[in-house]
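In the working numbering, each residue carries its 1-based index in the sequence shown increased by 84. For glycine and all other residues, C-beta sits at the position ideal for the given N, C-alpha and C. Beneath this line is the structure, given in structure tokens, with notes to follow.
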Amino acid sequence: MSDLTKFLSESLMVWLIIQVGLTLIFLWYLETYQQPSDSELPKTAVILCLRGADPFLPHCVRSLLNQNYPEYDLKLIIDSREDPAFKIVQEVINETGAKNIEVSILKTVRHNCSLKCSALIQGVSDLDESYQVVALVDADTIVHSNWLKELVIPLMDGTTGVTTGNRWYVPTGKYWGSLVRYTGNISTVIQMFLFQIPWGGSLAIKKSVIEETQLIEKWGQALSDDIPMHKILQKQGWKIKFIPSALIINREEINLSELLPSLQRLILCSRLYHPKWLALICEAVSSIVFPGLTLLLTLGMLLVTEGEKVLSLLQSYSLYILGLLLLILVTQRRVEKIIYQQQQPITEISLTTIVKMLIAIPLTQLLYGLAILSSISTSTLTWRGITYKINDKGNINLVAYHPYQWLDQPTDPKMSL
């Protein structure tokens, strides 16, 4: 038992040191990244696919219509005319009087890919030759006025095929699900940066790269629109560049019961398409199994009153959790500088929320562990009311389609769909 105690204590400390190192690499990149100087900006299409009315959809559309960019058009592909998003979008268009926006209804529901991929195929296929860049954005984002410019400029260097940001959740502490999602997302953002995985909610890609890589054909058989891009672009020698200013604040809330299915979807997509899936599993073992075993062993020893060993394990576990909390707070503080530069309001983390994080960290490890276990064996997935059957990454089956209705909307207007 003493050997196991020593092994777990040392494993926690080694993994904490590794996490500190990886976080410092990310923070160093944020600190040293320099936006390239302005160049001639190509005509760009911004594509937003909608199914359901996300909590901040009106703000999202307004922010996309308020870009400091010379020539761009906003292309919206809405799931159906019955969709709650349709009315909201029309109200924003009437309010703003915008002319550079086009609303289309999804024409073809493909049954061998996700609805989002169907919408993206339609949106990109309808573009004429005048567009040189395509930007993808999600409805849970509220972008700043220079967002599009800062995504497109780095594409002009000749070797970069995709530029990307990521989402950054706000730690309100109102719902435990929101706090767990915030905690886990920090690790996800750093992983995606290190592995060069783009996020389709804040992304720009050269139209020529879409054609060269046959991305439209790949989307036609995919569940995820963004994770497969890494491998597809890498084969053709294109780079994916992370843009710090394209980190987008997400102020939506979520409860624990809704969080687990969204984690399962994220991890399932990673299992199908992530280029380093085995590395993610190894990371999960270090981040979830070792701390979990340490906590269980500590509780077990308390029952048999092995005081000295309990104290040793408890010290290691407490140091590990406090170390992770410190990493979260340091990273949050650095990201707040980016948020401030975007002229977005900053949500101060209260002492109560910080104390809750001490519970949220092990809770995050538990829920991610459950999501990983369930994703390994699952063959079905429900996403915004649509069920998909997954046989493998190239064999996706949309079981049955139905339009999204107002009754499908959450009762809390800030709750994620």
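Run of the alpha helix (DSSP H) containing phenylalanine 170, from where it starts to where it stops = Here the alpha helix (DSSP H) through phenylalanine 170 covers 168-180.
Three-state secondary structure assigned by DSSP to leucine 220 | Of the three classes helix, strand and coil, the one that applies to leucine 220 here is strand, per DSSP.
Residues that methionine 499 bridges to, as DSSP identifies them | Bridge partners of methionine 499: Glu337.
Please go through the same chain and pick out, in chain order, the residues whose beta-carbon is closer than 8 Å to the beta-carbon of aspartate 210, but skip the five residues on each side of it.
-> The beta carbon of aspartate 210 sits closer than 8 Å to the beta carbons of Lys159 and Ser188 from its chain, once the five residues preceding and following it are set aside; these are given in chain order.
For glutamate 234, which of Ile289, Tyr259, Ser214 and Gln298 has the nearest alpha-carbon?
-> Ranking Ile289, Tyr259, Ser214 and Gln298 by CA distance to the CA of glutamate 234 puts Ile289 first.
Neighbourhood of tryptophan 303 by C-beta, 7 Å cutoff - its chain only, sequence neighbours within 5 removed | Taken in chain order, the residues that qualify are Cys197, Cys201, Leu204, Ile205 and Asp309.
Which residues bound the alpha helix (DSSP H) around valine 146?
-> The amino acid at residue 146 is misidentified as valine; the sequence shows arginine. Per DSSP, arginine 146 belongs to the alpha helix (DSSP H) from 141-148.
Within the same chain, show all residues whose beta-carbon is closer than 7 Å to that of glycine 268, passing over the 5 residues directly before and after it, in chain order.
-> The beta carbon of glycine 268 is closer than 7 Å to those of Thr448 and Tyr452 in its chain, skipping five residues each way along the sequence.
Which residue's Cα is closest to the Cα of serine 286: Leu410, Asp222 and Ser459?
-> Considering only alpha carbons, the answer is Asp222.
Nearest to isoleucine 338 (by Cα), restricted to the options Pro139, Leu411, Ile423 and Val369 | Looking at the Cα atoms, Pro139 is the closest of the given residues.
Express the C-alpha separation of glutamine 275 and glutamine 489 in angstroms, rounding to a whole number.
-> Cα-Cα distance, rounded: 35 Å.
Could you tell me the distance, in whole angstroms, from the CA atom of proline 375 to the CA atom of lysine 90?
-> Computed Cα separation, rounded: 13 Å.
Where the alpha helix (DSSP H) through tyrosine 266 begins and ends | For tyrosine 266, the enclosing alpha helix (DSSP H) starts and ends at 260-279.
State the beta-bridge partners of alanine 484 as determined by DSSP.
-> Paired residue(s): Thr471.
Below 7 Å between beta carbons: does that hold for valine 335 and valine 227?
-> The displayed chain sequence assigns arginine, not valine, to residue 335. Not in contact: arginine 335 and valine 227 (Cβ atoms no closer than 7 Å).
Residue range of the unbroken beta strand (DSSP E) whose run includes tyrosine 129 | The sequence shown places alanine at residue 129, rather than the tyrosine named in the question. Its beta strand (DSSP E) spans residues 128-134.
In or out: threonine 415 buried (at least 16 other Cβ within 10 Å) or exposed?
-> Buried, by the Cβ-count rule.
Alpha-carbon to alpha-carbon, isoleucine 460 and isoleucine 474 = Straight through space, the alpha carbons of isoleucine 460 and isoleucine 474 are spaced by roughly 12 Å.
May I ask you to report which of helix, strand or coil DSSP gives arginine 251?
-> In the structure shown, arginine 251 sits in a strand (DSSP, three-state: E or B).
Boundaries of the alpha helix (DSSP H) in which glutamate 296 is found, first to last residue | From DSSP, the alpha helix (DSSP H) with glutamate 296 extends over 291-296.
From Ser370, Ile445, Thr378 and Leu395, residue whose alpha carbon lies closest to that of valine 410 | It should be noted that the sequence gives leucine, not valine, for residue 410. That would be Ile445, whose Cα lies nearest to the Cα of leucine 410.
Would DSSP call threonine 192 helix, strand or coil?
-> DSSP places threonine 192 in the coil class of the three-state scheme, outside both helix and strand.
Give the DSSP-derived three-state secondary structure of leucine 307 in the structure shown.
-> If DSSP states are grouped into helix, strand and coil, leucine 307 belongs with coil.
Within its chain, find whatever has a CB closer than 7 Å to the CB of isoleucine 412; leave out the 5 residues flanking it on each side and keep chain order.
-> Taken in chain order, the residues that qualify are Thr267, Ile270 and Met441.
Work out the CA separation of isoleucine 316 and glutamate 301 for me, nearest whole Å.
-> The alpha-carbon atoms of glutamate 301 and isoleucine 316 are separated by roughly 11 Å.
Just how far apart, CA to CA, sit isoleucine 372 and valine 439?
-> Rounded to the nearest angstrom, the two C-alpha atoms are 20 Å apart.
For glutamate 296, collect the residues of the same chain with a Cβ closer than 7 Å to its Cβ; drop the 5 residues on either side in sequence, then sort them by chain order.
-> Around glutamate 296: Gln320.
Any idea what DSSP makes of leucine 406, helix, strand or coil?
-> DSSP places leucine 406 in helix when its eight states are reduced to three.
From the DSSP output, in three-state form, read off tyrosine 357 for me.
-> The answer is helix: DSSP assigns tyrosine 357 an H, G or I state.
Taking all protein chains shown into account, do 16 or more other C-beta atoms lie within 10 angstroms of the C-beta of valine 208, making it buried, or fewer, making it exposed?
-> In the assembly as shown, valine 208 is a buried residue. Its beta-carbon has 16 or more other beta-carbons within 10 Å.
Are leucine 307 and isoleucine 480 close, meaning C-beta to C-beta below 7 Å?
-> In contact: leucine 307 and isoleucine 480 (Cβ atoms closer than 7 Å).
Determine the direct distance from the alpha carbon of isoleucine 102 to that of serine 229, and round the result to whole angstroms.
-> Using only the alpha carbons, I get a separation of about 37 Å.
Does DSSP put glycine 376 in a helix, a strand or coil?
-> Assigned with DSSP and collapsed to three states, glycine 376 falls in helix.
Would you mind reading off the limits of the alpha helix (DSSP H) that contains isoleucine 443?
-> Start and end: 435-461.
Compute the Euclidean distance between the alpha carbons of serine 164 and leucine 435, then round it to the nearest angstrom.
-> Distance between the alpha carbons of serine 164 and leucine 435: 45 Å.
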